[in-house]
Structures are given as structure tokens and as C-alpha cells.
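Written out as C-alpha cells, the structure reads:
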């Protein structure tokens with residue numbers, strides 16, 4: 006977010022985009038594009054907010070993400086994925102033997118993979134996915150095996166309202182995830198990057214392992230927070246930054262977040 010633009014300024018002219026029909030991965034892809042293009046922006050749940058001066062550029066970025074990820078609007082306004090993303094034959098892959106799973110369970114896994122835009126292919130009852138997507142795929146398999154919906158949380162009762170629904174107002178902003186990713190990217194390339202350290206510390210200051218951003222699996226979010234804390238410790242706890250440890254942990258954090266951002 007730009008220092009020159011404050012989305013909470015009542016006098017600031019801004020444009021809002023309702024992305025409530027987008028999947029988390031689609032919003033993450035857009036967030037990455039916005040960050041790369043240095044477009045000032047903020048998130049309010051599933052609503053993207055940008056200054057009016059960035060409207061045209063944001064429209065172009067949204068269109069680019071829609072084309073790349075195969076997003077289209079149906080007649081009733083729903084956003085859908087047109088085609089599964091095939092896993093390339095030469096891609097580094099991880100195999101999961103799901104021969105003992107029911108047909109409807111394997112079909113649900115397929116649907117979840119398509120919804121999240123993850124490359125995959127089936128060989129008989131063997132599911133092959135990209136190795137870099139391992140952590141996210143395993144969370145999907147856990148969800149299906151345990152009969153959970155994608156937005157189910159381990160401790161839903163702790164954050165539920167009187168009707169038993171998840172209170173999204175208690176979620177961390179989506180851009181916390183993007184900040185972790187950008188910090189990991191900077192620090193794995195240069196452990197002494199001052200901007201990377203500032204991004205990391207600003208995100209860890211607000212990150213709560215029990216309050217994942219909207220759409221993020223709780224277990225994956227907790228692992229992200231652990232890595233961020235390890236990274237901060239490697240940089241600030243000793244007399245001198247531990248360069249080797251910083252690069253190793255920053256690389257792991259970056260790789261864990263890459264399927265999301």
C-alpha cells in the first residue's frame with residue numbers, strides 16, 4: 006500500500022471491486038500482480054480497494070489474471086474455471102495412491118483442484134500433482150477425507166457467531182499473506198535487505214496463528230507463522246544476523262506461499 010494513499014481517508018476517491026466469487030488462489034494471483042506493478046491497494050475481506058487514479062491499470066491487471074487463470078463470468082454472475090490445468094509430463098511431481106478412496110471422494114478432490122487452479126493428472130487411481138503444490142494438495146486431501154468444506158476451520162466454534170457461522174470480521178487482512186511472501190522473496194535473495202526485514206516484522210507483529218486470512222487453511226497458516234518467527238529470530242536475536250539460516254528459512258517460507266501468491 007502506498008504511503009501517499011490511505012484507503013481509510015474519507016476524502017480519498019477510491020474504486021472498489023467485489024471479488025466475492027473469486028477463489029482464494031485467484032485473489033492471491035491478483036495480489037501478486039498488484040504488488041509487482043506497485044499499484045496501491047487494500048483488501049476488505051473479498052473486496053479490493055484502489056485509488057481512482059489506479060482504476061484503469063487495475064482493470065487491465067484483473068483482465069490479465071482472468072485470462073491466465075481461465076476465469077469467466079456466467080450469465081448469473083458466478084465466476085468459474087473453464088478447464089482443469091493439466092500437469093506437464095516433465096514437471097516435478099508428487100504421487101498419491103487413492104485406490105482405496107471412494108469414487109465420489111476422488112471426484113471431489115478433482116473438483117477442489119480445478120477450483121483452486123492447481124495442475125494435476127490422474128493415472129488410474131494415482132493422483133499426480135506438482136511437487137511445489139504438495140502442502141496445499143495435502144490440505145485438500147485432508148479436507149475431503151475428513152468431510153470438511155474448504156472454509157472449515159479446526160476450531161470453528163471459537164470464532165462462530167450465535168448462528169454458528171464463521172465471523173469473517175475477525176480474519177486477518179489478505180495482504181498479510183502477501184507481505185510474508187514478499188519478505189521471504191527479498192530475504193532469500195539478500196538476507197540483509199532492510200525492506201525485506203521491515204516487511205517481515207510488520208507482518209509478524211499482526212499475524213495470529215489462530216486467525217488465518219480468509220480462505221487459508223489453518224494448519225498451513227500456522228506453519229507460515231512459525232517460519233516467519235524463525236526468520237525474524239535468525240535476523241534480530243543474535244549479535245549478527247545468521248545469513249545461512251535466514252536464506253534457508255526465507256526460501257522455505259517463499260516456497261510454501263508460492264502456490265497462494
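In the working numbering, the protein residues as written are 6 to 266. In this text, a Cβ means the ideal position worked out from N, Cα and C, and glycines have one as well. Given the structure is predicted, the values throughout are model-derived calculations rather than measurements.
Between the Cα of residue 24 and those of 18, 201, 97, 33, spot the shortest distance and give me the residue it belongs to.
Working through the chain shown from its first residue, we reach residue 24 at position 19. Of the listed residues, the one whose Cα sits closest to residue 24 is 33.
To the nearest angstrom, report how far apart residue 190 and residue 253 are at their CA atoms.
For the purposes of this step, residue 190 is identified with residue 185 of the chain shown, where counting begins at 1. For the purposes of this step, residue 253 is identified with residue 248 of the chain shown, where counting begins at 1. About 11 Å.
Cβ pair count under 8 Å reaching 3, the region 197-207 against the region 218-228:
no
Could you name each continuous beta strand (DSSP E) segment of 3 residues or more that falls completely within the region 231-259, going from the start of the chain to the end?
none
List the residues that DSSP assigns as beta-bridge partners of residue 21.
Sequence index remark: in the chain shown, residue 21 carries index 16 (1-based). Answer by DSSP bridge pairing, in chain order: 54.
Please report how far the alpha carbon of residue 246 lies from the alpha carbon of residue 151, in whole angstroms.
Residue 246 sits at position 241 when you count from the first residue of the chain shown. Residue 151 sits at position 146 when you count from the first residue of the chain shown. Near 42 Å, if we compare the C-alpha coordinates of residue 151 and residue 246.
Taking Cβ positions, are residue 97 and residue 137 nearer each other than 9 Å?
Taking the first residue of the chain shown as 1, we reach residue 97 at position 92. Taking the first residue of the chain shown as 1, we reach residue 137 at position 132. A contact, by the Cβ cut-off of 9 Å.
Residue from 255, 95, 185, 52 with nearest C-alpha to residue 20:
Position 15 of the chain shown, counted from the first residue, corresponds to residue 20. For the options 255, 95, 185, 52, the alpha carbon positioned closest to that of residue 20 is the one of 52.
For residue 100, which of helix, strand or coil comes out of DSSP?
Counting from one through the chain shown, the residue named residue 100 turns up at place 95. DSSP places residue 100 in strand when its eight states are reduced to three.
Hey, how far is the Cα of residue 238 from the Cα of residue 114?
Position 233 of the chain shown, counted from the start, is the residue given in the question as residue 238. Position 109 of the chain shown, counted from the start, is the residue given in the question as residue 114. The C-alpha of residue 238 lies about 38 Å from the C-alpha of residue 114.
When DSSP labels each residue in this structure, what does residue 122 get in the three-state scheme?
Within the chain shown, residue 122 is the residue found at index 117, counting from 1. Of the three classes helix, strand and coil, the one that applies to residue 122 here is coil, per DSSP.
Taking 8 Å as the limit between beta carbons, can you name the residues of its chain near residue 17, skipping five residues before and five after?
Against the chain shown, residue 17 aligns to sequence position 12. Once the five neighbours on either side are set aside, the close Cβ partners of residue 17 are 10, 11, 56.
Can you check whether the CB of residue 149 is closer than 9 Å to the CB of residue 122?
Along the chain shown, one-based indexing puts residue 122 at 117. Along the chain shown, one-based indexing puts residue 149 at 144. No; because the gap between Cβ atoms is not below 9 Å, this pair is not in contact.
Report the partner residues of residue 127 according to the DSSP bridge assignment.
For the purposes of this step, residue 127 is taken as the residue at position 122 of the chain shown. Beta-bridge pairing links residue 127 to 132.
Count the other CB atoms within 10 Å of the CB of residue 218; is the residue buried (16 or more) or exposed (fewer)?
Indexing the chain shown from 1 puts residue 218 at position 213. Classification for residue 218: buried.
How big is the Cα-Cα spacing for residue 258 and residue 41?
Translated into the one-based positions of the chain shown, residue 258 becomes position 253. Translated into the one-based positions of the chain shown, residue 41 becomes position 36. Each residue's Cα considered, the two are about 19 Å apart.
When the Cα of residue 110 is compared with those of 145, 227, 242, which residue comes out closest?
If you number the chain shown from 1, residue 110 lands on position 105. For residue 110, the nearest C-alpha among the options comes from 145.
From 49, 140, 196, 209, pick the residue whose C-alpha is nearest to that of residue 100; which is it?
Translated into the one-based positions of the chain shown, residue 100 becomes position 95. Minimum Cα distance to residue 100 is reached at 140.
Three-state class that DSSP yields for residue 222 in the structure shown:
Residue mapping note: residue 222 aligns to position 217 of the chain shown, counting from 1. In the structure shown, residue 222 sits in coil (DSSP, three-state: anything other than H, G, I, E or B).
If I follow the unbroken alpha helix (DSSP H) through residue 147, where does it start and stop?
What you label residue 147 is simply residue 142 of the chain shown in a count that begins at 1. Segment 139-150, the alpha helix (DSSP H) holding residue 147.
If you compare alpha carbons, which of 95, 124, 130 is closest to residue 112?
What you label residue 112 is simply residue 107 of the chain shown in a count that begins at 1. Considering only alpha carbons, the answer is 130.
So what does residue 106 bridge to, in DSSP terms?
What you label residue 106 is simply residue 101 of the chain shown in a count that begins at 1. Answer is none; residue 106 lacks a bridge partner.
Given this structure, state the Cα-to-Cα distance separating residue 236 from residue 44, to the nearest angstrom.
Residue numbering aside, residue 236 sits at position 231 when the chain shown is read from its first letter. Residue numbering aside, residue 44 sits at position 39 when the chain shown is read from its first letter. Residue 236 and residue 44: Cα-Cα distance of roughly 27 Å.
Do you know offhand how far residue 226's Cα is from residue 260's?
Walking along the chain shown from the start, residue 226 turns up at place 221. Walking along the chain shown from the start, residue 260 turns up at place 255. Rounded to whole angstroms, residue 226 to residue 260 spans 13 Å at the Cα level.
Note down the Cα distance separating residue 2 from residue 127, rounded to an integer number of angstroms.
What the structure shows of the chain is the stretch from 6 to 266, and residue 2 is not part of that stretch, so it cannot be assessed.
Helix or strand or just coil, what does DSSP make of residue 16?
On the chain shown, position 11 is the one that residue 16 refers to. It is coil, neither helix nor strand.
Using beta carbons (cut-off 9 Å, strictly below), is residue 117 in contact with chain D?
This model lacks chain D altogether; it includes just one protein chain.
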